[in-house]
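If you're matching them up, the sequences are chains A and B in order.
Per our numbering: the first sequence ends with 348, consecutive numbering throughout.
Per our numbering: the second sequence ends with 348, consecutive numbering throughout.
For every residue, glycine included, the Cβ atom is placed at its ideal position computed from N, Cα and C.
A quick note: this is a predicted structure, and the numbers were derived from the prediction, not measured.
Number of protein chains: 2
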Amino acid sequence: MSEKVSSRKQQVRAEDVARHAGVSRVSVSRTFTPGASVSDATRAKVLKSAEILGYRVNRLASSLNRSESGIVALVAAEIDTPHRAAMIAELSERLQAAGKVTMLINTSGYEERVKDALLQAISFRTEAAIILSGAPDPSLADTCFSNGMKLVLINREEDFPGSLQIGPDNRAAGKTALKALLRAGCKRIALANSANATWSIVERQKGFLAAAEEAGVDVLCEVDGFTSYQAGLELGTALLDREDRPDGIFCTTDLIACGVIDAARQRFGLRTPDDLSVIGFDNIQQAEWEGYDLTTFAQPTDQIIDKCLEWCTTEQPSSETVKLPAKFVWRNSVQKARVPMK
Amino acid sequence: MSEKVSSRKQQVRAEDVARHAGVSRVSVSRTFTPGASVSDATRAKVLKSAEILGYRVNRLASSLNRSESGIVALVAAEIDTPHRAAMIAELSERLQAAGKVTMLINTSGYEERVKDALLQAISFRTEAAIILSGAPDPSLADTCFSNGMKLVLINREEDFPGSLQIGPDNRAAGKTALKALLRAGCKRIALANSANATWSIVERQKGFLAAAEEAGVDVLCEVDGFTSYQAGLELGTALLDREDRPDGIFCTTDLIACGVIDAARQRFGLRTPDDLSVIGFDNIQQAEWEGYDLTTFAQPTDQIIDKCLEWCTTEQPSSETVKLPAKFVWRNSVQKARVPMK
DNA sequence: CTGTTAGCGCGTTCAT
DNA sequence: ATGAACGCGCTAACAG
């Protein structure tokens, strides 16, 4: 008769610790449950035995039992993009500090993935899903809600009931950008934007153009490509190649702005801010690199995350839409003011 | 008498679906278990009811039962650094494609966090932990192993039994870098490195210096600061400010290289490759930006991940150390060859 | 092919 | 303060 080999992976259980410490299994559970009552003597015995045996509470089991996983899903595409990476770094940092575990779901590629991401999150009884890319199908969102899962959309479209929608005030930033270019004395103002921009990026464009119309100035619009450095290079090249070359460009993204600046420098021999003023958005790390020294808008990341965590930890949060001001970061890619303020 | 309010979060269970479909609870389980035998009729009924009720298998429960979580932990610090972000993007992408779920643990800050990260991973019965930053305490590693958890160290120190250790062949790359600078006709060769470099980065330096000694050439070594763009700026400034200004610099990291190039351009009016040859390492996105056009080494990311996944999915993998060649990526930050090859 | 039974590891009653 | 019993939601094993 062959010995039966268990295919299950071995694991130290609370019962093992209890036997080793000579106490009941419940006492083990209690020593690891904050606020439970155990005598110091048994607690000490339990901790010692746990240490020796290498025991760790199985959170799969405890989560199942308590119906609280402590897991938060982070749904994002293009994770290696500077601003996105910074956001994820901050978020994961803060989630951990709040005692949560982050499950990262990469949705690069086909859009259908956002759906799969949420389904996976539901399967793990994730407490919340923070979505940085794409918007889920509303019906799917209902499934999330009915499973007690919270939904946060950062920098995403409006009209999504039941969730927290949060991001910078993109329109206001667009207006500020226009004013700054005017105040710098720019005569021919342009806008460089991706043709595949997200909703929040388009908002920046709208704010910029609305302010321009209000001020009665024309804007050269170059909208093409993706939201990337390479697109910035081409947008910049197209704009600077014109006979009526612009002298002030608002780029809806720092990545685009870096491309525009490089196009100016490498392809046209133009320098910022002397020959050209450029404003970006995001305040990515490269914005403060000496080769760019980019005037831009810093996303209110800290406040976004503050609000996000607060909302996620309240019992029955209600639908909410929050716009936070983006901070204008002055560096040296915009000509010093030549026009006095009104 | 007040009605008792359940504090547990509501959840659609297999039993609910079973009742709704008029079948047994096990049939529900079977329809969602690949390779289980259910008649098409009942499967259809189950799927329909599941759809209606919004049922999703609770993976906390199934993982507990089957002792297989399907979760892989990604342990990393400085997630927003270009190369690290790219690595995480790729890894999470591939893990998902392999049907795994990635749990991201950010260990930026104090070093103790790596320990906490692994303890957390153990709690969730993670199938493997892929460590991109820091090295765990060996005794802790044993706890991992005894809980059936695999350990992968990417770009980390050697002598770590029981794990897969994988990364580029840093020494070889260092040697290649030196040869390239010599072949470019550089007369005064320098090395720029962080004072807080990881083991793998120091290996690059060692390879470079060993090759220099072999070739009988002196190397100016500037080692200071962190592994960052800012450090590169200062390292570059220090080197280029010397009377015996170098004309060829190997930077152990692209980030440092970008800093060096900017120092040369912005602070000394020097251009690559005409006045100065620069070589980096990592092939980050910025390396191909037009302002840098950096000659560098591409990490063999794909192969690393291939091996990583393969190793993690084998039943009883044995200790292994793998060095993969880094690919030299020629761009335009190094003077064209002026010295014929030997 | 289907249903019944048992148990994954844990936390929370309810007793003592 | 401690122990016994129960159930979280699920799947594997065993009958029929």
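Distance from the CA of A:Leu245 to the CA of B:Leu59, rounded to the nearest whole angstrom, comes to 54 Å.
Taking all protein chains in view, the Cβ of A:Pro331 is surrounded by fewer than 16 other Cβ atoms within 10 Å, so the residue is classified as exposed. The three-state reading of DSSP puts A:Ser283 in strand, counting E and B together.
Counting C-beta pairs with one atom in each stretch, the segment 250-269 of chain A and the segment 187-203 of chain A have three or more that are closer than 8 Å, which means they touch. A Cβ of chain A is located within less than 8 Å of the beta carbon of B:Gln292.
Here B:Gln305 carries a coil assignment [DSSP, helix/strand/coil].
Taking 4 residues as the shortest admissible run, the segment 72-133 of chain B contains the following complete alpha helix (DSSP H) segments, listed from N- to C-terminal end: 88-103, 119-129.
Annotated three-state conformation of A:Lys342 is coil, per DSSP. The beta carbon of A:Leu315 sits closer than 7 Å to the beta carbons of Arg100, Ala104 from its chain, once the five residues preceding and following it are set aside; these are given in chain order.
Boundaries of the alpha helix (DSSP H) around B:Leu241: 235-246. Where B:Asn199 is concerned, the enclosing beta strand (DSSP E) starts and stops at 195-199. Apart from sequence neighbours up to five positions away, the residues of its chain that approach B:Asp175 with a beta-carbon distance below 8 Å are Lys329, Leu330, Pro331, Ala332, ordered along the chain. At a cut-off of 8 Å between beta-carbon atoms, A:Phe166 makes no contact with chain B. Judged by DSSP in its simplified three-state form, B:Ile311 adopts helix.
For B:Phe256, the beta-bridge partners assigned by DSSP are B:Leu197, B:Ile285. In the same chain as A:Pro306, and ignoring 5 residues on each side of it, the C-beta atoms closer than 8 Å to its own belong to Pro174, Leu330, Pro331, Ala332, Lys333, in chain order. Straight-line measurement puts the Cα of B:Ser283 at about 6 Å from the Cα of B:Gln341. Secondary structure note for B:Val328: its beta strand (DSSP E) is the uninterrupted segment 326-330. The beta-carbon of B:Val335 is placed no less than 8 Å from the nearest beta-carbon of chain A.
DSSP, reduced to helix, strand and coil, places B:Phe214 within a helical segment of the structure shown. Around B:Asp268, the beta-carbon contacts reaching into chain A at under 7 Å are Trp295, Glu296, Gly297. Shown here, B:Ala47 sits in a helix according to DSSP, grouped into three states.
A straight line joining the alpha-carbon of B:Tyr298 with that of B:Asp281 spans about 14 Å. With a cutoff of 8 Å on beta-carbon distance, B:Gly238 and B:Ile262 are scored as near each other.
One thing to note: A:Ala343 has its Cβ within 8 Å of the Cβ of A:Arg189. Its chain contains Leu59, Gly60, Tyr61 as the residues whose beta carbon lies nearer than 7 Å to that of B:Val18, once the 5 sequence neighbours on both sides are disregarded; these appear in chain order. Look at B:Cys227 here: in three-state DSSP terms it is strand. Taking a beta-carbon distance threshold of 8 Å, A:Leu300 does not count as an interface residue toward chain B. Annotated three-state conformation of B:Pro174 is strand, per DSSP. In the three-state scheme derived from DSSP, where H, G and I count as helix and E and B as strand, A:Ala42 is classed as coil. When CB distances to chain A are screened at a threshold of 8 Å, the residues of the segment 220-251 of chain B falling below it are Tyr235, Leu239, in chain order. Going by beta carbons, A:Gln236 and A:Gly265 fall inside the 8 Å limit. In this structure, the alpha-carbon of B:Ser145 lies about 25 Å from that of A:Thr39.
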